[in-house]
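**Student:**
Protein chains: 2
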Amino acid sequence: MPAFAPVGTQANVKTLEPRDLHEASVELILANTYHLYLRPGHELIERFGGLHAFMGWDRPILTDSGGYQVFSLAAQRKLDDDGVTFRSHIDGSVHRFTPERVMEVEQALGPDIAMVLDECPPPLDRAYNEDALARTHRWAERCKAAHTRGDQALFGIVQGGVFPDLRLQSVDFLTQLDFPGYAIGGLAVGETKEQMYATLDITCPAMPAQKPRYLMGVGAPEDIVEAVYRGVDFFDCVLPTRIARNGQLFTLDGRLNLRNAQYAEDHRPVQEDCSCYTCRTFSRAYLRHLYKAGEISALRLGTIHNIYFMQELMRQIRGAIAAGQLEMFRSTFLERFRITDQAKRHEQRELRAANRRP
Amino acid sequence: MPAFAPVGTQANVKTLEPRDLHEASVELILANTYHLYLRPGHELIERFGGLHAFMGWDRPILTDSGGYQVFSLAAQRKLDDDGVTFRSHIDGSVHRFTPERVMEVEQALGPDIAMVLDECPPPLDRAYNEDALARTHRWAERCKAAHTRGDQALFGIVQGGVFPDLRLQSVDFLTQLDFPGYAIGGLAVGETKEQMYATLDITCPAMPAQKPRYLMGVGAPEDIVEAVYRGVDFFDCVLPTRIARNGQLFTLDGRLNLRNAQYAEDHRPVQEDCSCYTCRTFSRAYLRHLYKAGEISALRLGTIHNIYFMQELMRQIRGAIAAGQLEMFRSTFLERFRITDQAKRHEQRELRAANRRP
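Respectively, the protein sequence lines represent chains X and G.
If you read the first sequence in this note's numbering, its first letter stands for residue 1, the second for the next number, and so on.
If you read the second sequence in this note's numbering, its first letter stands for residue 359, the second for the next number, and so on.
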């Protein structure tokens, strides 16, 4: 079951086409409600038959609720208990999201999985999390009541920062609303990896056993392995696509930065035995040349590899689970996959940038 | 025989991969000696087995000689009768191209067709053309003498601006050197389309009948049709790829600018019945959304279409020639293909920009 959803913010996984995603065996992608509501508009997409038809993607789509982006991207925002009023980062126009409005937008967009409107406070701020959690829970109730589309699953989102009691309270409240699946929100936005894992240690066991568990915004390979080990089923994250555009490519030994001079005459593919088009066709030296020369193709070829790498990782995780060897896989993978401090800092920087820039 | 070569300046047709070019039935691409000499260096490419191996392209490659780019792109240049000294536009380093040095570079790069070093003066400047022509002819002799690679065809370049006597003098001189093929240089860089066609009317009939004729830097569909009609065999140009990145896509009715609001809800493909991936998969509305949203994928999907369109045009031209109906094809095509003044201005601007910017 464990799966990774590449992010197609604006109804497009950056630099890739549906056929590329098929080639990588991608089964699920995420699109962003906030962006698509603003441009080209959910009503236009609905008139085209929904997101699948509009973007030419015939497999499952998940949309977030836009709540997170309103707080991280919108030019201005004003929150009240009923909803949030904000200015578009594109043209400054004023808009309002309430739970009911977001359900209208997501039902028009037509993904297979929609998310409730929630608030995503800084994970270490206790008072903010207490205050936001009550509102997030009322919004979840209102989303559930407003959601009518039978062919679309509406997921609840567990919040509560890094605070065990708040997380458990959130699981308890949302479980009673009986959603078909649950997300864990508010992580990978400022806490340490250890705090993230500890929060999963508390949260996952309390969640309904038979329903899918989705960890939002997490996508570093080591975090995915750790989270699956703790009971998470699926993930989305901009990390693999975003760092690819900076020349950072995944290998089983960790990340390599193709812009480095050491790859200038490297005849090897990015990862030996990788079956992606990039590794089947090009040397590290050629890819480095494309990055250094500012060729758009570099961004795409890097993205093809990183997405393929993630899907291959998920396939291996599923295989390990099926064979009852997840624990062994975890230790083998993590022993080899080198996470440098530089890579960690880069990851934090990239995720922060992704939150600021659309 | 008529063929169009997309331009892969830095050993990459911008936004495309070899498999995309295969899908469009591209048989020949051009790469730029000046760029590849500076970055990553012809010696590195030679150590990788030449351009074909380096860039993963197994069909014919043509390299220009770099002369044109030295004059249009280099940060500084100083010409003498023996060669030209210039500063790199990348890092300001000083380099020198002589006929012998350029042959060394092109033989290391290893294309199927190499071009002699030439000078490409403004086509309307008589005195400049007279002066440059003598030098270009001496350089052609020296290139021919220095070229030793048996598996590579070295083409001569006919110069002479828009001046019939200079063009005929150039054809005469170069024909005596007995190159395996001949290019017509110095057009599409400032003269009117009528002046270009008139120059072809004079030049083509004087060229050797059994050897390929290559019109350099020409790629507007209407110019290609007119030039084939006048006896040209093949072409290279950045136009189809470059305008695609601005949202200008070819249709049989002329160009359309996908950024225009009129396409916001247009369900049709760019060109009805076009078999390219872009037209098979996406609506104009979706493509417009990608352009407006600043998605890199837009640049690529537009390029896929424009290159496919050019190859389809060449296929139809070859079919018309085989059927003895080129004249009818020409009038039918040109009657339908609308060339607006705006498109003409845009084309001039784009080609000028391509000459300035690497």
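Idealized CB from N, CA, C, for every residue including glycine.
Count the other C-beta atoms from every protein chain shown that fall within 10 angstroms of the C-beta of A145 (chain X), then say buried if there are 16 or more, exposed otherwise.
**Tutor:** exposed
**Student:** Is I403 (chain G) near L409 (chain G), with beta carbons less than 7 Å apart?
**Tutor:** Yes, Cβ-Cβ distance for I403 (chain G) and L409 (chain G) is below 7 Å.
**Student:** Could you tell me which uninterrupted beta strand (DSSP E) segments, each at least 3 residues in length, are contained entirely in the stretch 217–259 of chain X, listed from first to last along the chain?
**Tutor:** 234–237, 248–251 and 254–257
**Student:** Which bits of chain X does L657 (chain G) rub up against, with CB to CB less than 7 Å?
**Tutor:** I296
**Student:** List, in chain order, every chain G residue whose beta-carbon is nearer than 9 Å to that of A24 (chain X).
**Tutor:** Listed along the chain, the chain G residues whose CB falls inside 9 Å of the CB of A24 (chain X) amount to none; the nearest CB is some 15 Å away.
**Student:** Using alpha carbons as the reference points, say which of X:R213, X:R167 and X:A198 lies closest to P180 (chain X).
**Tutor:** X:R213
**Student:** Output the boundary residues of the alpha helix (DSSP H) element that contains R688 (chain G).
**Tutor:** L684 to R694
**Student:** Would I662 (chain G) and Y635 (chain G) be called neighbours here (beta carbons separated by less than 7 Å)?
**Tutor:** yes
**Student:** Let's see if you can read the secondary structure: which residues bound the beta strand (DSSP E) around P364 (chain G)?
**Tutor:** A361 to P364
**Student:** Check the C-beta distance from L374 (chain G) over to S297 (chain X) and give it rounded, since I have them as a contact under 8 Å.
**Tutor:** 7 Å
**Student:** Using a cut-off of 7 Å between C-beta atoms, extract the partners of N370 (chain G) located in chain X.
**Tutor:** For N370 (chain G), the chain X residues whose Cβ falls inside 7 Å of its Cβ are L290, E295 and S297, in order along the chain.
**Student:** Evaluate N618 (chain G) with the Cβ neighbour count: other Cβ atoms within 10 Å of its Cβ, from every protein chain shown; 16 or more gives buried, anything less gives exposed.
**Tutor:** exposed
**Student:** Under 7 Å between beta-carbons, which chain G residues line up against M55 (chain X)? List them in chain order, please.
**Tutor:** Y644
**Student:** In this structure, what does DSSP give as the bridge partners for Q434 (chain G)?
**Tutor:** G:R445
**Student:** Hey, does P40 (chain X) have any beta-carbon neighbour from chain G nearer than 7 Å?
**Tutor:** yes
**Student:** Should T192 (chain X) go down as buried or exposed, given a rule of 16 or more other Cβ atoms within 10 Å for buried?
**Tutor:** Looking at its Cβ environment, which holds fewer than 16 other Cβ atoms inside 10 Å, T192 (chain X) is exposed.
**Student:** Does DSSP put L573 (chain G) in a helix, in a strand, or in coil?
**Tutor:** In the structure shown, L573 (chain G) sits in a strand (DSSP, three-state: E or B).
**Student:** Between Q316 (chain X) and S25 (chain X), which are expected to be in contact by the criterion C-beta below 8 Å, what is the C-beta distance as a whole number of angstroms?
**Tutor:** In fact, because the Cβ distance is near 12 Å, the residues do not count as touching under 8 Å.
**Student:** Put R454 (chain G) into one of helix, strand or coil per three-state DSSP.
**Tutor:** strand
**Student:** In the DSSP assignment, the alpha helix (DSSP H) including V162 (chain X) goes from what residue to what residue?
**Tutor:** Run containing V162 (chain X): none; DSSP gives neither H nor E here.
**Student:** Of all the CB atoms in chain X, is at least one closer than 7 Å to the CB of A373 (chain G)?
**Tutor:** Going by the sequence as given, residue 373 (chain G) is Thr instead of Ala. Yes, because at least one Cβ of chain X sits closer than 7 Å to the Cβ of T373 (chain G).
**Student:** Rounded to whole angstroms, what is the Cα-Cα separation between I387 (chain G) and F593 (chain G)?
**Tutor:** 10 Å
**Student:** Between the Cα of D125 (chain X) and those of X:G161, X:V7, X:S72 and X:V102, spot the shortest distance and give me the residue it belongs to.
**Tutor:** X:G161
**Student:** Which residues, taken in chain order from the stretch 165–188 of chain X, show a beta carbon closer than 7 Å to some beta carbon of chain G?
**Tutor:** none
**Student:** Which two residues bound the contiguous alpha helix (DSSP H) that contains Y128 (chain X)?
**Tutor:** R126 to A146
**Student:** Looking at the strands, I want to know which residues DSSP matches up with Y540 (chain G).
**Tutor:** Under DSSP, Y540 (chain G) shares a beta bridge with G:G514 and G:R571.
**Student:** Does T639 (chain G) come within less than 7 Å of chain X when only Cβ atoms are used?
**Tutor:** yes
**Student:** If contact is defined by three or more beta carbon pairs under 8 Å, each pair taking one atom from either stretch, is the stretch 324–340 of chain X in contact with the stretch 199–208 of chain X?
**Tutor:** Touching, no, given that fewer than three Cβ pairs across the two stretches are closer than 8 Å.
**Student:** Using a Cβ-Cβ cutoff of less than 8 Å, which residues in the same chain neighbour D416 (chain G) once the five nearest sequence positions on both sides are dropped?
**Tutor:** P376 and H410
**Student:** Might you give, ordered along the chain, the residues of its own chain that have their beta carbon closer than 7 Å to the beta carbon of H400 (chain G), omitting 5 neighbours on each side?
**Tutor:** Cβ within range, chain order: L394, V463, A466 and L467.
**Student:** Strictly below 8 Å CB to CB, what residues from chain X border R405 (chain G)?
**Tutor:** E265
**Student:** What is the DSSP secondary structure of R357 (chain X), reduced to helix, strand or coil?
**Tutor:** The pLDDT assigned to R357 (chain X) is 49, lower than 50, so where the model puts this residue is not dependable; a value taken from the coordinates is nonetheless given after this. Of the three classes helix, strand and coil, the one that applies to R357 (chain X) here is coil, per DSSP.
**Student:** If the cut-off is 7 Å on Cβ atoms, which residues from the stretch 681–698 of chain G count as contacting chain X, listed in chain order?
**Tutor:** Taking 7 Å as the upper bound on Cβ-Cβ separation, chain X lies near no residue of the stretch 681–698 of chain G.
**Student:** Mind checking D611 (chain G): buried by the 16 CB within 10 Å criterion, or exposed?
**Tutor:** exposed
**Student:** Using 8 Å as the cut-off, can you tell me whether the stretch 695–712 of chain G makes contact with the stretch 643–651 of chain G, which would need three or more C-beta pairs spanning the two stretches below that distance?
**Tutor:** no
**Student:** Pull up the CB-CB distance for F667 (chain G) and E580 (chain G), whole angstroms please, since I reckon it's below 8 Å.
**Tutor:** At roughly 13 Å, the Cβ-Cβ gap does not stay under 8 Å, so F667 (chain G) and E580 (chain G) are not in contact.
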